[in-house]
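Student: Residue numbers (the working numbering), protein chains in the order written: chain U, 1 to 332; chain H, 1001 to 1332.
Positions of the beta carbon are idealized from the N, C-alpha and C atoms, including for glycine.
On a predicted model such as this, the values are computed, not experimentally measured, just so you know.
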């Protein structure tokens, strides 16, 4: 078989990891990049956080958001998850020839609104146009700079006994986009696309012993939690009943053959914290609209090293693997 | 006529300006963005420079470079032109399904080498994959952060009598890429793709009164100089004989129906400086390989307000307009 890039390489799962570990890290090696996570902490007179994402979602508009709003929220959230106060964004457009000007106007207006709502400024940018059939409407890259306010976050700080919190319902974004794409029923189901910087700041300022924050985008809750325990001496046990999932999301996932735990979220965060702080932290989260449906969904344990497992209401327990292929291509 | 995006909007010329001024600036307005130029200066404990570019060049490999090297040099140069010391890059890939893995390896290796040579670190990144026919091999976005070392540069500082310097031959990159694309003769002609941060630092540290630095990429020397005098009380007069252009570039431009002054450069800078400092600055530039062919190519004058003009050896004088359409689509 020819060694070519397949859609799986963009899934956020195993193939994406392979691309990063075997190709990108060796070629670009430096300590800041080795920190991994979705952003880098940089030494300056003031410590900085720096992150980037390209957005290739299709369709460009979906219930609850559009590619412009997504491009702001995605990067703001990556900065927030690193303990950074998001301040500045760049915005670079790769536009396909033939895109209606009015479509671009709507997208850029939405991007501007999302930036204002998140309290960040788009300070630099770039525009390229490619021929018809060499793009798909518009792709947007944003990079973001934040000031590091809460150093020391990362999966390295996780220890057995810690609790795993999810800030709301799982799988809303991925399911909403897939439904919009399929042309099937819509309307009820909306993407959760939103900026999480205020929620993260409230949590990090609460005094709770937070080990790591991460927004489970591509690959969903199950893939992100796998990354936390992969190769470690502990595992994570989830309680299926404790994980909030909307009824509409559950129904849509059955229809589409998807699992909400592998569906992308764009307005939710996972948090691992010390067990004694979990309840207080949950109260802090629930006090904000972005965290209204927050729940403790599992705990870190030495019983299943390296594995993410799910306990079902009937007493079963199954392993949740890292996403292997492209469950949902071009979801963000 | 339907109001759609055409390739002209990506030319770096008039339509690109329209897109920026009518659509992007109003939607994203803030003081740092209003500075324009190719980067933003940000307030922090230490002042930062921030810039981004997406690279969509075709073909991916061309004599003298490739999209990976270009993606590093382009952003490093934008930071250097702002008076910044380039420090950190992000790198985001939008890969088309079906790209040979080996092609991506070569590109990323080249990108890594270029970063090492320029003295910058790639510290964060992202990877997306789109379906066949929704991209073209790979598009690369880089964003860069630098520390501001030389504040106050910008076209606003230009005054009548100032000299215009070009750091070397005009049009090498655009012509080399177009030739590579056409499948016509190749070999002799190479892109000038290179990092200019050391040249810029040497110039800015020399004590010369430098008003503005800018790398004339898309739209070439003529478009960049038009941006300097557009709407101002002064114009710029160029001496055609003083502008260094390689014989191969001149020949290729005749063959392809191009003008070297509108062809992209990726390893050249334009500098406007005080008249009394021009000769000393030229010596500083010529002492480095990147500035070996530097020349004084014109001066700022009140005779032709708002216009860029070119004096020919036969005594003629013509106006050089800003690039109107897409002379060279997907050149960077």
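8 Å is my cut-off, CB to CB: does residue 1027 of chain H come that close to chain U?
Tutor: yes
Student: Kindly list the residues whose CB is nearer than 7 Å to the CB of residue 292 of chain U, restricted to its own chain and excluding five residues on each side of it in sequence; keep chain order.
Tutor: 168, 286
Student: How about residue 1013 of chain H: is its C-beta nearer than 8 Å to some C-beta of chain U?
Tutor: no
Student: What are the start and end residues of each continuous beta strand (DSSP E) run of 3 or more residues lying completely inside the segment 182 to 241 of chain U, in chain order?
Tutor: Whole beta strand (DSSP E) segments, 3+ residues: 210 to 214, 235 to 239.
Student: Could you name the residues of the same chain whose beta carbon sits closer than 8 Å to that of residue 1055 of chain H, not counting the 5 residues immediately before and after it, in chain order?
Tutor: 1067, 1070, 1071, 1074, 1139, 1140, 1141, 1142, 1332
Student: I'd like to know if residue 141 of chain U contacts chain H, where contact means its C-beta is closer than 8 Å to some C-beta of that chain.
Tutor: Yes - at least one Cβ of chain H is within 8 Å of the one on residue 141 of chain U.
Student: If contact is defined by three or more beta carbon pairs under 8 Å, each pair taking one atom from either stretch, is the segment 1146 to 1155 of chain H in contact with the segment 1277 to 1284 of chain H?
Tutor: no
Student: Please identify the residue among U:295, U:227, U:119 whose C-alpha is closest to the C-alpha of residue 268 of chain U.
Tutor: U:295
Student: Across which residues does DSSP place residue 299 of chain U in a beta bridge pair?
Tutor: U:163, U:237
Student: For residue 17 of chain U, count neighbouring C-beta atoms within 10 Å of its own C-beta (all shown protein chains included) and say buried if the count is 16 or more, exposed if not.
Tutor: buried
Student: For residue 1065 of chain H, name the three-state secondary structure that DSSP assigns.
Tutor: Residue 1065 of chain H falls in the strand class under three-state DSSP.
Student: If residue 1313 of chain H and residue 1265 of chain H are in contact, beta carbons under 8 Å, what's the gap, nearest whole angstrom?
Tutor: At roughly 23 Å, the Cβ-Cβ gap does not stay under 8 Å, so residue 1313 of chain H and residue 1265 of chain H are not in contact.
Student: For residue 1268 of chain H, which residues does DSSP report across the bridge?
Tutor: Bridge partners of residue 1268 of chain H: none, in fact.
Student: To the nearest angstrom, how far is it from the Cα of residue 1001 of chain H to the Cα of residue 1052 of chain H?
Tutor: For residue 1001 of chain H, the predicted structure reports a pLDDT of 44, less than 50, and the residue's modelled location is therefore unreliable. A value from the coordinates is still provided. Taking the straight line from one Cα to the other gives about 33 Å.
Student: Mind reading off the beta-carbon distance from residue 194 of chain U to residue 258 of chain U? Whole number of angstroms is fine, and I expect it under 8 Å.
Tutor: No, residue 194 of chain U and residue 258 of chain U are not in contact; Cβ-Cβ is about 21 Å, not under 8 Å.
Student: For residue 1093 of chain H and residue 1276 of chain H, what's the separation of their Cα atoms in angstroms?
Tutor: In this model, residue 1093 of chain H and residue 1276 of chain H are separated by some 46 Å (Cα to Cα).
Student: Can you tell me whether residue 1005 of chain H is helix, strand or coil according to DSSP?
Tutor: coil
Student: For residue 1287 of chain H, does the three-state DSSP call read helix, strand or coil?
Tutor: coil
Student: How far does the beta strand (DSSP E) with residue 253 of chain U in it reach, from first residue to last?
Tutor: Taken as a continuous stretch (DSSP letters only), residue 253 of chain U belongs to no beta strand (DSSP E), being part of the alpha helix (DSSP H) at 247 to 256.
Student: Beta-carbon separation of residue 179 of chain U and residue 189 of chain U under 8 Å?
Tutor: It is a contact, given that the beta carbons lie within the stated cut-off.
Student: When the distance is taken between beta carbons, is residue 1090 of chain H closer than 8 Å to residue 50 of chain U?
Tutor: yes
Student: Check whether the Cβ atoms of residue 301 of chain U and residue 235 of chain U lie closer than 8 Å to each other.
Tutor: yes
Student: For a contact defined as C-beta to C-beta under 8 Å, what are the partners of residue 942 of chain H on chain U?
Tutor: Residue coverage of chain H in this structure runs from 1001 to 1332, which leaves residue 942 of chain H outside it and unanswerable.
Student: With distances taken Cα to Cα, identify the nearest neighbour of residue 1308 of chain H among H:1145, H:1263, H:1239.
Tutor: Closest option to residue 1308 of chain H, Cα to Cα, is H:1239.
Student: On a Cα-Cα basis, can you pick out the residue from H:1297, H:1079, H:1107, H:1245 that is closest to residue 1172 of chain H?
Tutor: H:1245
Student: Does any CB atom of chain H fall closer than 8 Å to the CB of residue 100 of chain U?
Tutor: yes
Student: Please list, in chain order, all residues of the same chain as residue 3 of chain U whose beta carbon is under 6 Å from its beta carbon, the five residues on each side excluded.
Tutor: none
Student: When you compare each of U:81, U:22, U:274 to residue 200 of chain U by their alpha carbons, which one comes out closest?
Tutor: Check the Cα spacing between residue 200 of chain U and each of U:81, U:22, U:274: the tightest is with U:81.
Student: Sort U:96, U:111, U:124, U:117 by Cα distance to residue 134 of chain U and report the nearest one.
Tutor: U:96
Student: Can you name the start and end residues of the beta strand (DSSP E) that residue 1107 of chain H belongs to?
Tutor: Looking at the DSSP string, residue 1107 of chain H is not in any beta strand (DSSP E); the run it does join, the alpha helix (DSSP H), is 1101 to 1118.
Student: So with Cβ pairs under 8 Å, would you call residue 215 of chain U a contact of chain H?
Tutor: By this cut-off, residue 215 of chain U is not an interface position.
Student: Give me the Cβ distance between residue 1218 of chain H and residue 130 of chain U, rounded to the nearest whole Å; I'm assuming they're in contact under 8 Å.
Tutor: Residue 1218 of chain H to residue 130 of chain U, Cβ: 14 Å. No contact.
Student: In the segment 1208 to 1234 of chain H, which residues sit with their C-beta less than 7 Å from some C-beta in chain U, listed in chain order?
Tutor: none
Student: What are the boundary residues of the beta strand (DSSP E) that residue 1087 of chain H is part of?
Tutor: 1084 to 1096
Student: Who are the neighbours of residue 1192 of chain H on chain U, taking C-beta pairs under 7 Å?
Tutor: Those do not exist, as residue 1192 of chain H stays about 20 Å from chain U at its closest Cβ, beyond 7 Å.
Student: Which bits of chain H does residue 51 of chain U rub up against, with CB to CB less than 9 Å?
Tutor: 1090, 1124, 1126
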